[in-house]
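In the numbering used here, the protein residues as written are 608 to 712. We treat Cβ as the ideally placed atom computed from N, Cα and C, and that holds for glycine. Computed from a predicted model, the values in this text were never measured in an experiment. Working notes, beginning with the structure itself.
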Ligand code: TYC
């Protein structure tokens, strides 16, 4: 029995911060565009990120004025899932609304 048996990994490797031992967090970033209605952006932020009307309006306005705004931070999986769902909500209405993710330093 000289065959090498490689034990499969059952869980994706999770990158952890060196100091804390906790998973690194990833930012969800809202990107401005010229076409998506402001009110729709606010609705998506409230629905996908559990924001109040005030919080969502401020985030939308910051992206509108500065080009981008950090929406929130999550573990990698959650950030990517929420960014995809929020982007798809815009696409379903024909809007170019875009949410991206990037790791925190
Ligand atoms: N700029 C858009 C408008 O004037 C509104 C908007 C804000 C769109 C933020 C996207 O991430 C965004 N209708």
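Local conformation of residue i per DSSP, three classes
i           : result
residue 710 : strand
residue 705 : strand
Distance CB(residue i)-CB(residue j) smaller than 8 Å
i           : j           : result
residue 715 : residue 709 : Any property of residue 715 remains undetermined from this structure, which presents the chain solely from 608 to 712.
residue 711 : residue 680 : yes
residue 690 : residue 669 : no
residue 692 : residue 655 : yes
residue 702 : residue 664 : no
residue 704 : residue 660 : no
### Query
Could you give the uninterrupted runs of the alpha helix (DSSP H) lying entirely in the region 623-702, keeping only those of 4 residues or more?
List check, alpha helix (DSSP H) in window: 645-656, 660-673 and 683-699.
### Message
Check whether the region 621-635 and the region 644-654 touch, using three or more Cβ-Cβ pairs below 8 Å as the test.
### Response
Verdict: no, contact absent.
### Beta carbon nearer than 7 Å to a non-hydrogen atom of ligand 1
Result (chain order): 637, 638, 639, 640, 641, 642, 643, 644, 645, 648, 667, 670, 671 and 704.
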